[in-house]
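Notes follow once the structure below has been shown.
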Amino acid sequence: MPKYVYDFTEGNKDLKDLLGGKGANLAEMTNLGLPVPPGFTITAEACRHYLRHGGTPDGLEGEIGEHLAVLEARIGKRLGQADDPLLVSVRSGAKFSMPGMMETVLDIGLNDDSVLGLAKQSGNDRFAWDSYRRLIQMFGKTVLGIDGELFEDAMDELKGERDDTDLDAADLQRVVETFKGIVRERAGRDFPADPREQMDLAVRAVFDSWNAPRAVLYRRQERIPADLGTAVNVVAMVFGNMGPDSGTGVAFTRDPGSGRQGVYGDYLRNAQGEDVVAGIRNTVPLQELETINPGAYRELLDIMATLERHYRDLCDIEFTIERGKLWMLQTRVGKRTAAAAFCMATQLVDEGLIDMDEAVTRVTGDQLAQLMFPRFAATAGNRRLTTGMNASPGAAAGRAVFSSERAVELAARGEAVILVRRETNPDDLAGMIAAHGVLTSRGGKTSHAAVVARGMGKTCVCGAEELEVDPHARRFTAPGGVVVDEGDVISIDGGTGAVYLGEVPVTASPVAKYFEGEPAEDELVRAVDRIMRHADSARRLAVRANADTPEDAARARRYGAEGIGLCRTEHMFLGERRRLVEDLILATTPEARQAALDALEPLQTGDFTGIFTAMRGLPVTIRLIDPPLHEFLPDLTDLAVKVALAGDRAGARPGVRTRDGADERDRRLLDAVKRLHEQNPMLGLRGVRLGLTIPGLFAMQVRAIAAAARRVEGARAEIMMPLVGAVQELEIVRDEAERILAEAGVAAAIGTMIEVPRAALTAGQIAEAAEFFSFGTNDLTQMTWGFSRDDVESAFFGAYLDLGVFGVSPFESIDREGVGRLMRTAVEEGRRTRPGLKLGICGEHGGDPDSVHFCHEIGLDYVSCSPFRIPVARLEAGRAALACARSGTGC
Numbered sequence: 036m037p038k039y040v041y042d043f044t045e046g047n048k049d050l051k052d053l054l055g056g057k058g059a060n061l062a063e064m065t066n067l068g069l070p071v072p073p074g075f076t077i078t079a080e081a082c083r084h085y086l087r088h089g090g091t092p093d094g095l096e097g098e099i100g101e102h103l104a105v106l107e108a109r110i111g112k113r114l115g116q117a118d119d120p121l122l123v124s125v126r127s128g129a130k131f132s133m134p135g136m137m138e139t140v141l142d143i144g145l146n147d148d149s150v151l152g153l154a155k156q157s158g159n160d161r162f163a164w165d166s167y168r169r170l171i172q173m174f175g176k177t178v179l180g181i182d183g184e185l186f187e188d189a190m191d192e193l194k195g196e197r198d199d200t201d202l203d204a205a206d207l208q209r210v211v212e213t214f215k216g217i218v219r220e221r222a223g224r225d226f227p228a229d230p231r232e233q234m235d236l237a238v239r240a241v242f243d244s245w246n247a248p249r250a251v252l253y254r255r256q257e258r259i260p261a262d263l264g265t266a267v268n269v270v271a272m273v274f275g276n277m278g279p280d281s282g283t284g285v286a287f288t289r290d291p292g293s294g295r296q297g298v299y300g301d302y303l304r305n306a307q308g309e310d311v312v313a314g315i316r317n318t319v320p321l322q323e324l325e326t327i328n329p330g331a332y333r334e335l336l337d338i339m340a341t342l343e344r345h346y347r348d349l350c351d352i353e354f355t356i357e358r359g360k361l362w363m364l365q366t367r368v369g370k371r372t373a374a375a376a377f378c379m380a381t382q383l384v385d386e387g388l389i390d391m392d393e394a395v396t397r398v399t400g401d402q403l404a405q406l407m408f409p410r411f412a413a414t415a416g417n418r419r420l421t422t423g424m425n426a427s428p429g430a431a432a433g434r435a436v437f438s439s440e441r442a443v444e445l446a447a448r449g450e451a452v453i454l455v456r457r458e459t460n461p462d463d464l465a466g467m468i469a470a471h472g473v474l475t476s477r478g479g480k481t482s483h484a485a486v487v488a489r490g491m492g493k494t495c496v497c498g499a500e501e502l503e504v505d506p507h508a509r510r511f512t513a514p515g516g517v518v519v520d521e522g523d524v525i526s527i528d529g530g531t532g533a534v535y536l537g538e539v540p541v542t543a544s545p546v547a548k549y550f551e552g553e554p555a556e557d558e559l560v561r562a563v564d565r566i567m568r569h570a571d572s573a574r575r576l577a578v579r580a581n582a583d584t585p586e587d588a589a590r591a592r593r594y595g596a597e598g599i600g601l602c603r604t605e606h607m608f609l610g611e612r613r614r615l616v617e618d619l620i621l622a623t624t625p626e627a628r629q630a631a632l633d634a635l636e637p638l639q640t641g642d643f644t645g646i647f648t649a650m651r652g653l654p655v656t657i658r659l660i661d662p663p664l665h666e667f668l669p670d671l672t673d674l675a676v677k678v679a680l681a682g683d684r685a686g687a688r689p690g691v692r693t694r695d696g697a698d699e700r701d702r703r704l705l706d707a708v709k710r711l712h713e714q715n716p717m718l719g720l721r722g723v724r725l726g727l728t729i730p731g732l733f734a735m736q737v738r739a740i741a742a743a744a745r746r747v748e749g750a751r752a753e754i755m756m757p758l759v760g761a762v763q764e765l766e767i768v769r770d771e772a773e774r775i776l777a778e779a780g781v782a783a784a785i786g787t788m789i790e791v792p793r794a795a796l797t798a799g800q801i802a803e804a805a806e807f808f809s810f811g812t813n814d815l816t817q818m819t820w821g822f823s824r825d826d827v828e829s830a831f832f833g834a835y836l837d838l839g840v841f842g843v844s845p846f847e848s849i850d851r852e853g854v855g856r857l858m859r860t861a862v863e864e865g866r867r868t869r870p871g872l873k874l875g876i877c878g879e880h881g882g883d884p885d886s887v888h889f890c891h892e893i894g895l896d897y898v899s900c901s902p903f904r905i906p907v908a909r910l911e912a913g914r915a916a917l918a919c920a921r922s923g924t925g926c
C-alpha cells in the first residue's frame, strides 16, 4: 500500500513532486535544525486519488490518525483537548508556488469547551476568542462554502470605527456567536465541535481547492500542469496573536524587486499570518523588529543567511513570533521581478554560490521580454496623486476600474485598465490578469497583490494609504480632494510607486536600448549582457528573424539575428502595388499576364536587394507568394455595392462603360472575386498551387531574387516553396527555379515549408528534392487540429482552456503530442534521406520559450521569429542547451 503521510522529519526539499513545495521545504528546515513547529504532510498522490475517485484512498484516515498521535505525544497535548488543546493549521502546498490560490484553515481544534481551556492556559481570554472567531470564519468560507463577505460585514458592524485589535474578549465572544449563527443559517448545520471532523473536512477542502476557479485560472496563466494536485500540511499552531510580544511576518533574503541585498519584509504585531498577506492591516518594515524584539530579529537574520546559502537563491520566508519565540512557518525560492532575476543571478555567480551555466537557467525569456517593455518618460506635465510601495515594476496606464469583473469586461473590449482595490484577494485573479496594472491602498510588498503581480510580471503599486478607495461608489479620493471615478485614466509606476492622474508618456527601457546598440551602464544592463553572452556561447540553435523589409532586417541584426528565416513576399504586393496584382489576376491572355509580371519584377528585385544589403552576407530565406489571390482583391460586398452604385449613376444597362472607365474594371474585378471565391481559402488555391496554375508567377520571383543576389556582394539566398504536400509539386517548381538560377549564374538553396500534415508524413520523399525544411507551425497547427486560427480563438478557446482540453493555446506553444509528433517524424525521415538537411521553424512558435526548447530537443538547426522576440529566442536557445547538458541526456 502506498505511503500517503510523511512526518516533517522524513522528507526533504527534493521531494516536491510528492510533498509539494511547502511540505518539502518544511521538512528541509526541520532537517537543518531550524525552529519549525512539528507536523506532517499528506502527499499530492493522495490528492490526485481524491480528485480522480471522489474520495480519499483506503488507509489514509488511519495514517493521519497515526501521525496525529505522534504529534500529540511530541507536544504533550491532544487535538482539541478541553483543558489544554493542541491546535493545528491545515495548509495547501503544491509543487509550484500558487500564492493565495488554494485554501488554508488555522486554529483547528477549537470548540466551545477548548476555547475556555486555551484562554486559561494562555492567560489571555482575548487571544482565545480571537482564534475561535478566526477558525469559524475561515472554516465557514473555505470548507462550508459560505460567502466570506457575510462574516466580514458582521465583523464590520460590530467593531464600527474600531480596529480589529481594539476588540476585547467580550466583543470577540459576541462575534463567535454571530459567526456560529451565520454557519447554522447558511450551511444548514452547526459548526462542527469534533476536532477530528474539523481537520478531516479541512483536508478535503484543500484537495477540492485545487480545482477552484481561481486556482485553475492561475495554473493556466502560469502554465502549471493541471494534474499535479496539492499536498496538505498539518502543522501544530504557533500564535502571533497573543499580544504585543507576538506577531507574524514575511521576509525575503534579498529585495524581490531589485535583487539587492538587505533586509526586506513586513512585520505585523499581534496578528496571524493571513493578516499580512491579505493586506487588511498595514504592516511595519521588517527592520522595526530590531527595536520590537532584538533577539528574535538577530535570530531571523541568521536563519535567512543560512537558508540563502543552503538554497543558493532568494528565499521567501514566513515566520511567527509567539511571546518572544521565533518560529519558521515556510520557506520557498521566492518570486522576483524580471530585473531582480537577472541582477540576482549574476550576483550569486560573483558570490561563488552558482556558476554562469546555472545563472542562465535562473532567468527566462519571458522575464527578458518584460525588461524590454517601455517605461514612463518625464512626468513633469502629469499630476502626481500619491506614492505607494513599488511592489512590481513597469509602467502602466489605463482606465481605473474597481472590480475584477469590470476589469475583465473592459479588457475584453480592448480597453487598457488599472485595477484599483483596497486590497486584492485570490478572487481578484481574473481582474489582475486582465488589467495592465494593479493599485491598492493597503498592504505591502508581501501582500497578495504584490506577490501575484510580481509572479505575472504585472505592474503593481501597493499600500497607497493616502487614497480612500470606495469600491461601492467606484471611485477613490486622493490628497487634496481629487476624485477619480471609474473610467478616468490613471498611470502607475511600479518602479517608484508613484500614481499619476492621466496618461503618462512612455520611453524605451535601458534593456531595449541595450539591444538597439545604445550604451547603458547600470547593474541591470550589465547583468543582461553577461547572461546573454553566456547563453549565446552555450546555444546550438541559431536564431533568425521573420522580416519582410530592409528596416525589419536591420532591426533584426541589431537584436542579434543570424539571418532571415522567413521573408514573406506577399507583404510586398500590398499598398500601391495591389493594382499590379489586380492586373495579373484580370489578365485573359498570356501577353497581358506577362506584362503584369514584367511590371512586378523590378519592384521585387528592389525589395530583395534592400534585404540582402541589410543582412550583409547572412542567409535570407525567401518564401514565394503564399496566400490566396483573392486577398489582393477588394471585398466582395464592397465591390458589388460599388459596381451597383456606378451603374445607377450612369443610368446605364449592365456592362455599359461609364465615362472614366472605372465601371468596366470594377465589373471585371467583381467577376474575378466571384471566380476566385473559396469557402475555405486557407485550404484552397494558395502557396505552391499558385506557382503551378499561374504560369510565370514563381519564375518572376526567382528571377528577381537572382538579380538582387547578383547586385549585392555576398548575398546568400534560400528559396522556399510554401504549402508543399507532395514531392511532385516541389520537383516541378524546383526544376524551373534551378534553370533560372543557372542562367543568372547564381547559387541558391531550394527548400520547402513543412506546414501540411502530409508533408510531415512524407518528409523522406520530399527531402529528395529539398535542401532544407522550415516548419510553418501556424498552418501546421491549423491543419492538424482542424482549427481556423482566425475564428476559433475567440469562439471557443476560452472554454477549452477552462475545461482543460489543453493547458495553453496550441497557437502560443507547440502542441508536442500532435503537431510536435509530426515535426519529429519529418525531422527523422527527412534526415534519413538527406543527412545534411537543414531544419528550422518560422511560425510564431519560433519566439515562444517552451517551443524553442522543443525545437532544440528534436534537433532543428535554427528558429526564426519576429525581430522583437530575437533576444528571447537567443536566451531560451542557450537555456535549452544547458538544460539538456545538465540532464545528461544531451536531448
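In the numbering used here, each residue's number is its place in the sequence shown (first place is 1) plus 35. Cβ coordinates follow ideal geometry from the N, Cα and C atoms, glycine included. Please read these numbers as outputs of a predicted model, since none were measured by experiment.
Considering only the beta carbon of each residue, do Glu503 and Val524 sit closer than 8 Å?
Here residue 503 refers to the residue found at position 468 of the sequence shown. Here residue 524 refers to the residue found at position 489 of the sequence shown. It is not a contact, given that the beta carbons lie outside the stated cut-off.
Cβ-Cβ separation, Val473 to Leu917 (assumed contact under 8 Å), whole Å
For the purposes of this step, residue 917 is taken as residue 882 along the sequence shown, with counting starting at 1. For the purposes of this step, residue 473 is taken as residue 438 along the sequence shown, with counting starting at 1. Between Val473 and Leu917 the Cβ distance is about 34 Å, and since that is not below 8 Å, they are no contact.
Thinking C-alpha only, which one of Lys873, Leu601, Asp633 is nearest Val616?
Position 581 of the sequence shown holds residue 616. Considering only alpha carbons, the answer is Asp633.
Which class does Gly600 belong to by DSSP, given the choice of helix, strand or coil?
Translated into the one-based positions of the sequence shown, residue 600 becomes position 565. Strand at Gly600.
Measuring alpha carbon to alpha carbon, tell me which of Cys890, Arg568, Val546, Glu551 ends up nearest Glu558.
As a working note, residue 558 is residue 523 in the sequence shown. Out of Cys890, Arg568, Val546, Glu551, Val546 has the C-alpha closest to the C-alpha of Glu558.
Can you tell me whether DSSP reads Arg579 as helix, strand or coil?
Numbered from its first residue, the sequence shown carries residue 579 at position 544. DSSP places Arg579 in strand when its eight states are reduced to three.
List, from N- to C-terminal side, the alpha helix (DSSP H) runs of 4 residues or more that fit wholly inside the stretch 897-925.
905-922
Have a look at Thr797 and Val487 and give me their C-alpha separation to the nearest angstrom.
Counting from one through the sequence shown, the residue named residue 797 turns up at place 762. Counting from one through the sequence shown, the residue named residue 487 turns up at place 452. Roughly 47 Å separates the two Cα atoms.
Between Leu705, Pro279, Tyr346, Lys48, which has its C-alpha nearest Gly359's C-alpha?
One-based indexing of the sequence shown puts residue 359 at position 324. Closest option to Gly359, Cα to Cα, is Pro279.
Range covered by the beta strand (DSSP E) that runs through Val519
In the sequence shown, the residue the question calls residue 519 occupies position 484. Unbroken beta strand (DSSP E) run through Val519: 517-520.
Keeping to the same chain, check which residues put their C-beta closer than 7 Å to that of Leu103; ignore five residues upstream and five downstream.
The sequence position of residue 103 within the sequence shown is 68, counting from 1. Contacts found: Leu114.
Decide if the stretch 862-874 is in contact with the stretch 841-854; the criterion is three or more beta carbon pairs, one per stretch, under 8 Å apart.
no
Taking the beta carbon of Met567 as the centre, do at least 16 other beta carbons fall within 10 Å, making it buried, or is it exposed?
Residue mapping note: residue 567 aligns to position 532 of the sequence shown, counting from 1. By the 10 Å Cβ count, Met567 comes out buried.
Can you tell me the Cα-Cα spacing of Pro554 and Phe511, whole angstroms?
Start at 1 with the first residue of the sequence shown, and residue 554 comes out as number 519. Start at 1 with the first residue of the sequence shown, and residue 511 comes out as number 476. About 42 Å.
Beta-carbon proximity list for Phe822, same chain, < 6 Å, skipping 5 on both sides:
Counting from 1 along the sequence shown, the entry for residue 822 is found at position 787. For Phe822, where only same-chain residues beyond five positions count, there are no Cβ hits under 6 Å.
Under 8 Å, do Leu836 and Arg255 count as touching if we go by C-beta distance?
Start at 1 with the first residue of the sequence shown, and residue 836 comes out as number 801. Start at 1 with the first residue of the sequence shown, and residue 255 comes out as number 220. Their beta carbons are under 8 Å apart, which means Leu836 touches Arg255 by this criterion.
If you draw a straight line from the alpha carbon of Leu252 to that of Gly294, how long is it in whole angstroms?
Your numbering for residue 252 matches position 217 in the sequence shown. Your numbering for residue 294 matches position 259 in the sequence shown. Straight-line Cα distance between these residues: approximately 28 Å.
Going straight from the alpha carbon of Arg904 to that of Thr623, what length do you get?
Locating residue 904 in the sequence shown gives position 869, where the first residue counts as 1. Locating residue 623 in the sequence shown gives position 588, where the first residue counts as 1. In a straight line, the C-alpha of Arg904 is about 44 Å away from that of Thr623.
Terminal residues of the beta strand (DSSP E) in which Phe810 lies
Here residue 810 corresponds to residue number 775 of the sequence shown, with the count starting at 1. Residues 807-810.
Any chain B beta carbon closer than 8 Å to Gly492
Reference to chain B is not applicable here, since this structure consists of a single protein chain.
Rounded straight-line distance, which links the Cα of Ile356 to that of Leu145:
Start at 1 with the first residue of the sequence shown, and residue 145 comes out as number 110. Start at 1 with the first residue of the sequence shown, and residue 356 comes out as number 321. About 21 Å.
The stretch 40-54 in contact with the stretch 348-355 per 3-pair CB rule at 8 Å:
no
CB contact flag (Leu874, Gly894, <8 Å):
Taking the sequence shown and counting its residues from 1, the one referred to as residue 874 is at position 839. Taking the sequence shown and counting its residues from 1, the one referred to as residue 894 is at position 859. Yes.
Can the beta-carbon of Glu80 be found closer than 8 Å to that of Tyr41?
The sequence position of residue 80 within the sequence shown is 45, counting from 1. The sequence position of residue 41 within the sequence shown is 6, counting from 1. No; because the gap between Cβ atoms is not below 8 Å, this pair is not in contact.
Compare the beta carbon distance of Arg489 and Ser476 with 8 Å and say whether it is the shorter of the two.
As a working note, residue 489 is residue 454 in the sequence shown. As a working note, residue 476 is residue 441 in the sequence shown. Cβ distance not < 8 Å, so Arg489 and Ser476 don't count as in contact.
Where does Phe408 fall in DSSP's three states?
Residue mapping note: residue 408 aligns to position 373 of the sequence shown, counting from 1. Coil.
Let's see if you can read the secondary structure: which residues bound the beta strand (DSSP E) around Asn268?
In the sequence shown, the residue the question calls residue 268 occupies position 233. Its beta strand (DSSP E) spans residues 265-271.
What is the rounded straight-line gap between the Cα of Pro689 and the Cα of Phe608?
Indexing the sequence shown from 1 puts residue 689 at position 654. Indexing the sequence shown from 1 puts residue 608 at position 573. Legend: pLDDT at Pro689 = 47, less than 50; position of this residue unreliable, value from coordinates given subsequently. Between Pro689 and Phe608, the C-alpha separation is close to 31 Å.
Counting C-beta neighbours from all protein chains within 10 Å, is the total for His507 16 or more, i.e. buried, or is it exposed?
As a first step, residue 507 must be located in the sequence shown, where it is residue number 472. Answer is exposed; the Cβ neighbour count stays below 16.
Nearest-angstrom Cα separation, counted from Ala596 out to Arg579
The count along the sequence shown starts at 1 and reaches residue 579 at position 544. The count along the sequence shown starts at 1 and reaches residue 596 at position 561. When rounded, the distance between both Cα atoms is 5 Å.
I'd like to know if the stretch 225-242 and the stretch 136-153 are in contact, where contact means that at least 3 CB-CB pairs between them fall below 8 Å.
yes
Determine whether the beta carbon atoms of Val269 and Phe75 lie at a separation below 8 Å.
Residue mapping note: residue 269 aligns to position 234 of the sequence shown, counting from 1. Residue mapping note: residue 75 aligns to position 40 of the sequence shown, counting from 1. Cβ atoms of Val269 and Phe75: closer than 8 Å.
Mind checking whether Ala784 and Phe807 have CB atoms under 8 Å apart?
Position 749 of the sequence shown holds residue 784. Position 772 of the sequence shown holds residue 807. Yes.
Closest to Met363 by CA distance: which of Gly881, Met788, Thr65 is it?
Against the sequence shown, residue 363 aligns to sequence position 328. That would be Thr65, whose Cα lies nearest to the Cα of Met363.
Give me, in chain order, the residues of the same chain whose beta-carbon lies closer than 7 Å to that of Lys677; leave out the 5 immediate sequence neighbours on both sides.
On the sequence shown, residue 677 is found 642 positions in, with the first residue counted as 1. The residues are Asp701.
Quick check for students: name the residue ranges of the beta strand (DSSP E) that lie wholly in the stretch 472-560, counting only runs of 3 or more.
472-475, 494-497, 503-505, 510-513, 517-520, 524-528, 533-536
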